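Participant: Residue numbers (this note's numbering): -10 to 270.
Don't be surprised by glycine CBs; every beta carbon is placed ideally from N, CA and C.
Being a predicted model, the structure only gives us computed values, none of them experimental.
1. With distances taken between CB atoms, is the gap from residue 120 to residue 108 smaller than 8 Å?
2. Using 8 Å as the cut-off, can you tell me whether the segment -6 to 6 makes contact with the segment 238 to 245, which would need three or more C-beta pairs spanning the two stretches below that distance?
3. To the nearest angstrom, report how far apart residue 77 and residue 34 are at their CA atoms.
4. Do you know whose CA, among 122, 133 and 58, lies nearest residue 207's CA?
5. Any contact of the segment 151 to 170 with the segment 179 to 190, i.e. 3+ C-beta pairs under 8 Å?
6. Any idea if residue 3 is buried or exposed, counting beta-carbon neighbours within 10 angstroms, 16 or more meaning buried?
7. Can you name the start and end residues of the alpha helix (DSSP H) that residue 9 belongs to?
8. Please report how far the alpha carbon of residue 38 lies from the alpha carbon of residue 219, in whole angstroms.
9. Sorted by chain position, which residues of the same chain lie with C-beta nearer than 7 Å to residue 12's C-beta, five sequence neighbours on each side aside?
10. For residue 131, which residues in the same chain have their Cβ closer than 7 Å to its Cβ, ignoring the five residues on either side in sequence?
11. Can you list the alpha helix (DSSP H) stretches of 4 or more residues lying completely in the segment 13 to 61, in chain order?
12. Excluding the five sequence neighbours on either side, which residues of its own chain have a C-beta within less than 8 Å of the C-beta of residue 205, listed in chain order?
13. Grouping DSSP H, G and I as helix and E and B as strand, with all else coil, what is residue 75?
14. Are residue 189 and residue 221 closer than 8 Å when you measure CB to CB?
15. With a threshold of 16 other CB atoms inside 10 Å of the CB of residue 143, please say whether the residue is buried or exposed.
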């Protein structure tokens, strides 16, 4: 039995199939962890969602910013939905769209397995959040995603402010929590996110630190697996494992076999169009 954490797929269905073949995934005994951003940009988001949905009982998913964006778009008028990119339109207008969207709403923002000894998030944790605190913050938003608060949540989740504070309430609180879990790369020791900083460490503005090495951050009880940061690439150290290796940009799709002895498995990602701009949100 093995558990594999898989980096950002972003609609790269062919690469995901190659990766599952390489690790010889056996649904009878193995588990898959997906660290978010299942969809967008890769051209095969519908196929990717269908595949992961078919493996739902064998998988754990945390939502990324692109997954949340799809959920928000799903609540809009058809005319507005037809303005998004063709990859997402194929999901929105598929015959099984309601089933896939409903399933995506049930997924987590943060996952912890204390028996295995790992936690997983799409982007990062706020400096003062322990693993236990992060679990509680995630549950607040997950409850809204899964319940009657869904439409209000996704309508109000966009925006860079406010910075996280335990004193926040209502939609400001939920927006700040979502930004931490799904958009964080760099932040100040006080928790203000540097949204404009997206490059490798050393390229950020003064006073900004990678979230996992902010001075004085709360101790994390477990190592954290995360994606979201393709310009960081594969990084293992400081109690974190970054596994977004840019499959959608022509890099690799990575699976990290979790356990006492970590093993890496990688396959080529997609071949992006020559004129495709590089982006990391």
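Facilitator: Based on what the coordinates show:
1. For residue 120 and residue 108, yes; Cβs fall inside 8 Å.
2. Pairwise C-beta distances place the segment -6 to 6 in contact with the segment 238 to 245, as three or more of them are shorter than 8 Å.
3. Looking at the two C-alpha atoms, the distance is approximately 7 Å.
4. Answer by Cα proximity: 122.
5. Contact holds: three or more Cβ-Cβ distances are below 8 Å.
6. Burial of residue 3 is indicated by the presence of at least 16 other C-beta atoms within 10 angstroms of its C-beta.
7. Per DSSP, residue 9 is one residue of the alpha helix (DSSP H) stretching across 2 to 11.
8. Within the model, the alpha-carbon separation for residue 38 versus residue 219 is close to 21 Å.
9. Close CB contacts of residue 12 within its chain, under the 7 Å cut and outside five residues either way in sequence, are with -7, 244 and 254 (chain order).
10. These residues qualify, in order along the chain: 97 and 98.
11. Along the segment 13 to 61, the alpha helix (DSSP H) occurs as fully enclosed runs of 4 or more residues at 34 to 43, listed in sequence order.
12. Apart from sequence neighbours up to five positions away, the residues of its chain that approach residue 205 with a beta-carbon distance below 8 Å are 116 and 178, ordered along the chain.
13. Note: residue 75 maps to helix in three-state DSSP.
14. With respect to residue 221, residue 189 sits close: the two C-beta atoms are nearer than 8 Å.
15. By the 10 Å Cβ count, residue 143 comes out buried.
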